[in-house]
Structures are given as structure tokens and as C-alpha cells.
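Written below as C-alpha cells is the structure these notes are about.
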Amino acid sequence: MDKFMRDDLKGLKPYKVDSIPYRIKMDANESPYDLPDAIRQRLANELMRGYQFNRYPDSDATALKEAISRYCGVSPQEVMVGAGSDELIRVVISAFVGKGDVVLYPNPSFTMYEVFTRIAGGIPIGVPLGEGFNYDMSRFYRAMEQHKPKLIFICSPNNPTGNVIHKDELMKLVTAFNGVVVVDEAYGEFCGHSIASQMTNYPNALVLKTFSKAFGLAGLRVGYLIGNRELIEGIYAVKPPYNVSSFSQRAAQLVLENMSIFSSRIASIVSEREWMYHKLRGFKGIEVYPSKANFLLIKVPNAQNVHKELIREGILVRNFPNHPRLKDHLRITVSTRQDNEYFIKALERILEG
Ligand code: PMP
Numbered sequence: 001m002d003k004f005m006r007d008d009l010k011g012l013k014p015y016k017v018d019s020i021p022y023r024i025k026m027d028a029n030e031s032p033y034d035l036p037d038a039i040r041q042r043l044a045n046e047l048m049r050g051y052q053f054n055r056y057p058d059s060d061a062t063a064l065k066e067a068i069s070r071y072c073g074v075s076p077q078e079v080m081v082g083a084g085s086d087e088l089i090r091v092v093i094s095a096f097v098g099k100g101d102v103v104l105y106p107n108p109s110f111t112m113y114e115v116f117t118r119i120a121g122g123i124p125i126g127v128p129l130g131e132g133f134n135y136d137m138s139r140f141y142r143a144m145e146q147h148k149p150k151l152i153f154i155c156s157p158n159n160p161t162g163n164v165i166h167k168d169e170l171m172k173l174v175t176a177f178n179g180v181v182v183v184d185e186a187y188g189e190f191c192g193h194s195i196a197s198q199m200t201n202y203p204n205a206l207v208l209k210t211f212s213k214a215f216g217l218a219g220l221r222v223g224y225l226i227g228n229r230e231l232i233e234g235i236y237a238v239k240p241p242y243n244v245s246s247f248s249q250r251a252a253q254l255v256l257e258n259m260s261i262f263s264s265r266i267a268s269i270v271s272e273r274e275w276m277y278h279k280l281r282g283f284k285g286i287e288v289y290p291s292k293a294n295f296l297l298i299k300v301p302n303a304q305n306v307h308k309e310l311i312r313e314g315i316l317v318r319n320f321p322n323h324p325r326l327k328d329h330l331r332i333t334v335s336t337r338q339d340n341e342y343f344i345k346a347l348e349r350i351l352e353g
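Using this note's numbering, the letters of the sequence shown correspond one by one to residues 1 to 353.
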């Protein structure tokens with residue numbers, strides 16, 4: 001295989017997800033709630049009437065784009081739908097990044113910015129977050145001057161640290177930079193605000209959002225990009241055709257038609273996050289970072305061992321054994337009160353033992 005692979009991609013590892021048996025899944029920032037019964041029933045009825053799965057889906061996702069545009073307060077021409085925001089990260093990079101072009105992103109953050117940059121032949125450069133993993137924008141400006149990037153990713157709330165960038169800092173960055181800024185708001189619903197509608201006036205700003213987290217559609221792969229009409233139009237040239245299945249488009253549309261159910265689910269996750277935060281703060285020897293997302297990052301002695309012990313208790317959380325700044329950290333996805341309590345009790349036992 002190695003002899004066929006591009007030289008610059010030889011060290012690249014596949015995105016690996018271990019399938020470990022579990023009781024409680026708190027490792028992938030998914031929603032603990034499956035699709036509401038009412039939507040399932042509606043989809044089932046429509047399915048029985050026939051979805052024309054023999055036909056390609058609407059490549060433009062017209063109806064879904066309209067629903068998204070109403071939800072986000074933008075126009076449908078300012079929206080592009082993708083098979084998860086993962087696909088759109090790749091699409092955006094392929095539109096703007098060629099061989100040798102630099103892409104900046106926060107470190108630590110979501111790993112796919114780096115991976116897709118490498119696949120495009122670009123040069124990925126992580127800009128270290130500052131004290132307490134907060135955004136230190138002076139580091140970004142220094143990196144911009146030094147590396148002359150084509151593209152900058154900002155993740156807010158940031159995965160896995162949970163912090164947000166200040167809106168003024170973001171606007172300043174977009175104005176100062178002559179390349180494209182992508183703001184990844186995958187966890188935006190949990191922080192209570194979005195800058196999407198304010199970004200469409202800028203010629204060089206994009207906002208990335210997803211149905212995988214707050215709306216619980218991770219298994220159906222639906223994400224979207226919002227930006228200035230001309231920018232979106234340009235990116236359309238590199239979007240694969242028919243990239244989102246007709247079933248996924250319809251499910252996402254029904255989610256937006258039932259916002260009240262999801263708003264109360266989001267509120268419940270947010271209140272559980274605060275409950276967990278206070279519980280975890282009560283543990284001796286643990287540091288908890290404030291989070292605006294649906295997960296909490298903790299610094300815990302012997303994190304790798306705690307991770308193993310939690311698996312033994314049937315609980316999956318995320319560890320970072322290979323990241324120099326995160327080796328002694330764990331990321332826990334907020335779930336239902338029952339799951340969260342189960343986790344807190346297990347952690348208590350493990351730390352005492
Ligand atoms: N961005 C961030 C910050 C994420 O954490 C994730 C999922 N882990 C994604 C994008 C991709 O999500 P999806 O492809 O499911 O929309």
C-alpha cells in the first residue's frame with residue numbers, strides 16, 4: 001500500500017473509533033436523546049408512502065436550506081448543506097487551500113482541521129490556546145504575520161475545552177485578515193447565541209453548524225455552512241453532488257419544524273452541565289474548566305488510569321493520551337441526570353480507591 005500512497009500522507013492515521021462495550025456513552029459529544037417519537041412517526045408514515053429512494057436527492061437541499069435560513073436569520077442563498085460538518089470542513093479547505101498553503105487553527109481543538117489540511121497538501125499550524133485554554137488572540141496575530149495563512153479556523157465553543165471566543169475579538173480578526181475565517185459553531189446551541197446572521201455581511205467569513213449535537217442527528221450526517229452569498233456560491237463549485245441523502249434532509253427539516261422539543265432538550269443539557277460542573281468542582285485534586293458546550297473538560301491525576309477504570313464501570317469518556325497539553329485531561333459529554341449521576345458516583349469510587 002505504502003508504494004501507492006502519496007509521500008506526504010504516509011504517516012496519516014485513519015480516524016479510529018474503538019468499539020468498546022458500554023453502559024453509558026459520554027465520549028463523542030452526542031445527544032443522549034434519540035429522535036422524538038412524533039418525528040419518527042411522521043418519517044415512518046412518509047417512508048411507507050414512498051421516498052423515491054431510487055432517485056438522487058435534491059443536490060441543493062432546497063427545502064432544508066429554507067428551514068435553516070429561517071432558523072438562522074439568513075437567506076437560503078447564504079446556506080450550504082453537507083454530510084455532517086466534517087464534509088464541509090473538507091469542502092471549504094479544498095476550495096481555498098492548495099499545496100503549501102497554511103491553515104491556522106487553535107490547539108487543542110477539533111482534529112479534522114489538521115487532517116483535512118494535510119490531505120489537501122496544505123500546511124496545518126496549530127496556534128496554542130492561552131492560559132486556562134482561553135483564546136489568546138495575540139498568538140493568532142503573530143502566527144498570521146509569520147505564516148501568512150490562507151484560512152483560519154476558530155472553534156467556539158471550542159472542542160474539547162468548552163470556551164468561547166469573544167464576539168468583538170472575532171469581528172476584529174475577520175476584519176484584519178485577508179483570507180477566510182471559518183467559525184465552527186458545532187456546539188453553538190449550548191452557548192445560547194450564534195454569530196451566523198452577522199457574518200453574512202463579511203466577504204471572508206463562514207460559520208459552520210451541525211445537526212449532530214444539539215439536535216441529535218449524528219447518525220444521519222447533516223451539517224451546514226453559512227456565509228456571504230458570493231462566498232457560498234464559489235464553494236458550491238467544489239461540493240460533491242447529491243451529498244446529503246433525501247432521508248437525512250427530511251429528518252433535519254422536521255427537527256427545525258419541532259424546535260420547541262429541541263429547545264427544552266438543549267435547556268436540560270445546559271442545566272445538567274452546570275450541575276455536573278458544580279459536582280466536579282467538589283472533587284479534591286480535579287480541575288474543571290467552565291464550558292459553554294455539551295461537555296466538560298477536567299484535569300485529573302492519572303487520567304489514563306481513570307479512563308481505564310471508567311471503562312471497567314461501563315462508562316466511556318474521551319481521553320487524549322497523545323496530546324502534550326491534554327494527557328492528564330478527560331472530556332465528559334453531558335448526558336441525562338441518571339447517566340450524569342452514575343458517572344459522578346463511579347468517578348468518586350475510582351478516585352477514592
Ligand atoms: N466540529 C466540531 C468542533 C466537532 O466537535 C465535530 C464533531 N465531533 C464536528 C465539527 C463534526 O461534526 P459532524 O460532522 O457530525 O457535523
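Don't be surprised by glycine CBs; every beta carbon is placed ideally from N, CA and C.
Own chain residues within Cβ distance below 7 Å of residue i, not counting five before or after
| i | result |
| --- | --- |
| V164 | S156, P157, C191 and K292 |
| Q304 | N319 and P321 |
| D27 | L316, V317, R318 and T333 |
| K25 | L316 |
| K99 | G121 |
| I20 | I311 and L316 |
| M112 | D86 and I89 |
| M1 | none |
| E313 | A346 |
| P241 | S59 |
Short Cβ contact (8 Å threshold) for residue i with residue j
| i | j | result |
| --- | --- | --- |
| A186 | K167 | no |
| I235 | V91 | yes |
| N294 | N29 | yes |
| V182 | L220 | no |
| I93 | E189 | no |
| I311 | V300 | no |
| L297 | T175 | no |
| V244 | A83 | yes |
| M276 | N340 | yes |
| L47 | A251 | no |
| Y372 | F247 | No statement about residue 372 is possible, as the shown extent of the chain runs from 1 to 353 and does not include it. |
| Q77 | I232 | yes |
| A143 | I125 | yes |
Cβ-heavy atom distance, residue i to the ligand SAM, below 7 Å
| i | result |
| --- | --- |
| T210 | As far as ligands go, the structure on display features the ligand PMP and does not contain the ligand SAM. |
Chain-order list of residues whose beta-carbon lies under 6 Å from that of residue i (same chain, five-residue window excluded)
| i | result |
| --- | --- |
| Q253 | A63, L64 and A67 |
| T210 | S85, A186 and G223 |
| G73 | S197 |
| R273 | V334 |
| N159 | F110 |
| I152 | L104 and V181 |
| Y135 | I165 |
Cut-off 8 Å between Cβ atoms - residues of its own chain near residue i, not counting five sequence neighbours on either side
| i | result |
| --- | --- |
| Q249 | P57, D58, A61, A63, L64, V81 and V222 |
| R49 | none |
| P14 | none |
| S194 | C72, E185, G188, V207 and K209 |
| N201 | N228 |
| R355 | What is shown of the chain runs 1 to 353, which leaves residue 355 out entirely. |
| P36 | N258 and I261 |
Cβ-heavy atom distance, residue i to the ligand PMP, below 7 Å
| i | result |
| --- | --- |
| S19 | no |
| C155 | yes |
| G216 | no |
| G11 | no |
| G223 | yes |
| G84 | yes |
| N107 | no |
| N159 | yes |
| A252 | no |
| N29 | yes |
| A186 | yes |
| F110 | yes |
Whole-angstrom C-beta distance between residue j and residue i, which should lie under 8 Å
| i | j | result |
| --- | --- | --- |
| V180 | F116 | Contact doesn't hold; Cβ gap of about 14 Å is too wide. |
| L351 | F283 | 6 Å |
| M137 | L173 | 7 Å |
| L104 | F133 | That pair is no contact at about 17 Å. |
| P108 | H323 | 6 Å |
Short CB-CB distance (under 8 Å) between residue i and chain D
| i | result |
| --- | --- |
| P321 | Reference to chain D is not applicable here, since this structure consists of a single protein chain. |
Where are the alpha helix (DSSP H) runs, 4 residues long or more, that stay fully inside the segment 265–338, in chain order? Correct list: 303–312.
Runs of beta strand (DSSP E) wholly within the segment 159–207 (minimum 3 residues, chain order): 180–184
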